[in-house]
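K.L.:
In the numbering used here, the protein residues as written are 39 to 387.
(1) Entirely within the segment 58-121 and at least 3 residues each: give me those beta strand (DSSP E) ranges in chain order.
(2) Could you compute how far the alpha carbon of residue 323 sits from the alpha carbon of residue 134?
(3) Where does residue 265 land, buried or exposed, given buried means 16+ other C-beta within 10 angstroms?
(4) Figure out for me which residue from 304, 126, 73 has the closest Cα to the Cα of residue 91.
(5) Give the secondary structure of residue 271 by DSSP, where H, G and I count as helix, E and B as strand, and everything else as coil.
(6) Less than 6 Å between C-beta atoms, sequence neighbours within five positions excluded: which residues of the same chain meet that for residue 228?
(7) By a C-beta neighbour count over all protein chains shown, 10 Å radius and 16 as the cutoff for buried, is residue 274 buried or exposed?
(8) When DSSP labels each residue in this structure, what does residue 164 get in the three-state scheme?
(9) What are the start and end residues of the alpha helix (DSSP H) that includes residue 250?
(10) Helix, strand or coil: which one does DSSP assign to residue 340?
(11) Tell me whether residue 185 sits in a helix, a strand or coil according to DSSP, three-state version.
(12) For residue 186, which residues of its own chain have a beta-carbon under 8 Å away from its beta-carbon, when the five flanking residues on both sides are left out?
(13) So, with DSSP's three-state summary, where would you put residue 313?
(14) With 16 other CB atoms within 10 Å as the buried threshold, where does residue 366 fall?
(15) Apply the 10 Å Cβ neighbour rule to residue 288 and answer buried if 16 or more other Cβ atoms are within range, or exposed otherwise.
(16) So, is residue 87 buried or exposed, given that buried needs 16 or more other C-beta atoms within 10 angstroms?
(17) Can you name the residues that DSSP bridges to residue 192?
(18) How would you call residue 44, buried or exposed, if buried means at least 16 neighbouring beta carbons within 10 angstroms?
(19) Taking residue 300 as the reference, which of 225, 202, 103 has the closest Cα?
(20) Which residues in the same chain have their Cβ closer than 7 Å to the Cβ of residue 311, if we skip the five residues on either side of it in sequence?
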């Protein structure tokens, strides 16, 4: 039977939100930022327009990233942001859409309920959740029904999800509150301490991205404000120093992978060694991460094709499950209804 309601997949990330509409593809990819007027509570801008105001907004404008560490930190702001994105993606359709939203593998029941409540308040009809590593594996082209083990590392903006997947299930997993935004902070702190220059979050992100595209022997032109005299100043930052600034956090990710492997069944660990570790998420493109993992673990590591969109594409593939879930739910309701009718007939006798 044809689906009347739209089915929508959402990657509700710390740094960005991606929305996929069934039969249309990815229709929206914007930063997870909302700007509001602190005096009136009015929403001034959302997404890309709001991100432009970070560090540039007047005193009465507050810019917020309502998702922190992959979970909801500001419920009201998340609800408003999600409502805005849904209306933009569906052109304010009369029928509320069914939603499939990905969440970190170690999200608590409270955190999952917060996502469900926010999506319901934002205009969702029925909401399902899928674990990020499972969605990332689907988006990377992994056959998750394979009994052999696959290790997927999804490095997003706020969290790094590490999971061993086999037979369609997450066998072992770990979520680290460490990802792309932490690398940005490492670079900001390094430039301030080493060169006495203050740079903003967006400039630090720009340095991280450019460093990942250049060789270690190159340098980057960086401008900021001098701590000493408060004037604008320009420096040339070696890419090697960028790597040194984020290296401690890269090693924390390596440590998290080791912890997951230590509790992985030996047969699955053998599968992982014979295959390859798959990196997904925009943060996985960070300078030196792939090489550091391969060097420390002595296992081949590779990037998925289009890593920054693996989670949303995998969540989109899982949209097909929603119809079967609805059918199972409807069958269960019908069975319950027949049971109640039978009880009523027996009672009347």
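We put the CB at the ideal spot given by N, CA and C, even for glycine. Computed from a prediction, not measured in an experiment: that's the story for all the values here.
P.N.:
Short version:
(1) 63-69, 72-75, 81-84, 99-102
(2) In the chain shown, residue 323 corresponds to position 285, counting from 1. In the chain shown, residue 134 corresponds to position 96, counting from 1. Spanning the two alpha carbons is a distance of roughly 36 Å.
(3) Within the chain shown, residue 265 is the residue found at index 227, counting from 1. Its Cβ having fewer than 16 others within 10 Å, residue 265 is exposed.
(4) Along the chain shown, one-based indexing puts residue 91 at 53. Measuring from the Cα of residue 91, the nearest candidate turns out to be 73.
(5) On the chain shown, residue 271 is found 233 positions in, with the first residue counted as 1. Strand, per DSSP.
(6) Within the chain shown, residue 228 is the residue found at index 190, counting from 1. Excluding positions up to five away in sequence, the list reads 283.
(7) Taking the first residue of the chain shown as position 1, residue 274 is located at position 236. It counts as exposed.
(8) For the purposes of this step, residue 164 is taken as residue 126 along the chain shown, with counting starting at 1. Three-state result, residue 164: strand.
(9) Here residue 250 refers to the residue found at position 212 of the chain shown. Here the alpha helix (DSSP H) through residue 250 covers 239-251.
(10) The residue labelled residue 340 in the question sits at position 302 within the chain shown. In this structure, residue 340 counts as strand in the three-state DSSP scheme.
(11) Start at 1 with the first residue of the chain shown, and residue 185 comes out as number 147. Here residue 185 sits in coil by DSSP.
(12) Counting from 1 along the chain shown, the entry for residue 186 is found at position 148. Cβ contact annotation for residue 186 (same chain, cutoff 8 Å, sequence separation greater than five): 204, 306, 309, 313, in chain order.
(13) In the chain shown, residue 313 corresponds to position 275, counting from 1. DSSP places residue 313 in coil when its eight states are reduced to three.
(14) One-based indexing of the chain shown puts residue 366 at position 328. Annotation note: pLDDT 48 at residue 366 (below 50); position unreliable, coordinate value reported separately. So residue 366 ends up on the exposed side.
(15) Counting from one through the chain shown, the residue named residue 288 turns up at place 250. It is buried - the Cβ of residue 288 has at least 16 other Cβ atoms within 10 Å.
(16) Stepping through the chain shown from its first residue, residue 87 is reached at position 49. Label assigned to residue 87: exposed.
(17) Residue 192 sits at position 154 when you count from the first residue of the chain shown. 199, 318.
(18) Mapped onto the chain shown, residue 44 falls at position 6. Buried is the call here.
(19) Counting from 1 along the chain shown, the entry for residue 300 is found at position 262. Of the candidates 225, 202, 103, the one whose C-alpha sits nearest the C-alpha of residue 300 is 202.
(20) Along the chain shown, read from residue 1 onward, the residue named residue 311 stands at position 273. These residues qualify, in order along the chain: 337.
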